[in-house]
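Just below is one structure, and these are the notes that go with it.
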Amino acid sequence: DSSGKPPGLLGWWPSKAVTFIDNHDTGSTQKHWPFPSEKVLIGYAYILTHPGIPCIFWDHLIEWSAGCRQAITDLTKARRDSRIPVDAEVSILQADGELYLAEIGIPPALRVALGPRRAE
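For any residue, its number in my numbering is found by taking its place in the sequence shown, counting from 1, and adding 46.
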């Protein structure tokens, strides 16, 4: 939003915001409204590094590849090691089609950069 906070409930009342990528009603075997599979790890990078109450979908952790499981495990460890509370402050530094850059916590405990990497 205009004050540099995440939109919606996550920016307004993060301690009540339950965040998830997929669940048994949206993805899994039902595939009603699945999260795009090529964006799942980007989604987890966002919800596991931001305030709120992140939920990990069983299928992504157990039934997908070992690489996906390891990435989710690493992100969960980063959240725990950074001690990101459920109501952490977020300062969005950039958000456009190319890059999302935010600092989480005051003082910042974690800097999150999501977007394409370019070889320099």
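Ideal Cβ positions, reconstructed from N, Cα and C, are used throughout, including at glycine.
Can you tell me which of the three DSSP states residue i falls into?
| i | result |
| --- | --- |
| residue 137 | strand |
| residue 97 | coil |
| residue 165 | Because residue 165 sits at a pLDDT of 47, beneath the cut-off of 50, its placement in the model cannot be relied upon, and the point is left open. |
| residue 147 | strand |
| residue 75 | coil |
| residue 155 | coil |
| residue 84 | helix |
Specify, as a first and last residue, the run of the alpha helix (DSSP H) that residue i falls within.
| i | result |
| --- | --- |
| residue 129 | Premise fails: residue 129 is in no alpha helix (DSSP H) and is neither H nor E. |
| residue 57 | 55-58 |
Buried or exposed: which applies to residue i, given that a residue is buried once 16 or more other Cβ atoms fall within 10 Å of its Cβ?
| i | result |
| --- | --- |
| residue 165 | Note that residue 165 has pLDDT 47, beneath the 50 cutoff, so the model's placement of it is unreliable and the number below is only indicative. Answer is exposed; the Cβ neighbour count stays below 16. |
| residue 132 | exposed |
| residue 112 | exposed |
Nearest by alpha-carbon distance to residue i: which of the options is it?
| i | options | result |
| --- | --- | --- |
| residue 83 | 139, 99, 106 and 117 | 106 |
For the 8 Å Cβ check, are there 3 or more pairs between the stretch 151-158 and the stretch 49-69?
Counting Cβ pairs under 8 Å, fewer than three are found: no touch.
Does the stretch 137-144 come close enough to the stretch 117-124 that 3 or more CB-CB pairs lie under 8 Å?
Taking 8 Å as the limit for Cβ pairs, the verdict is that the stretch 137-144 does not touch the stretch 117-124.
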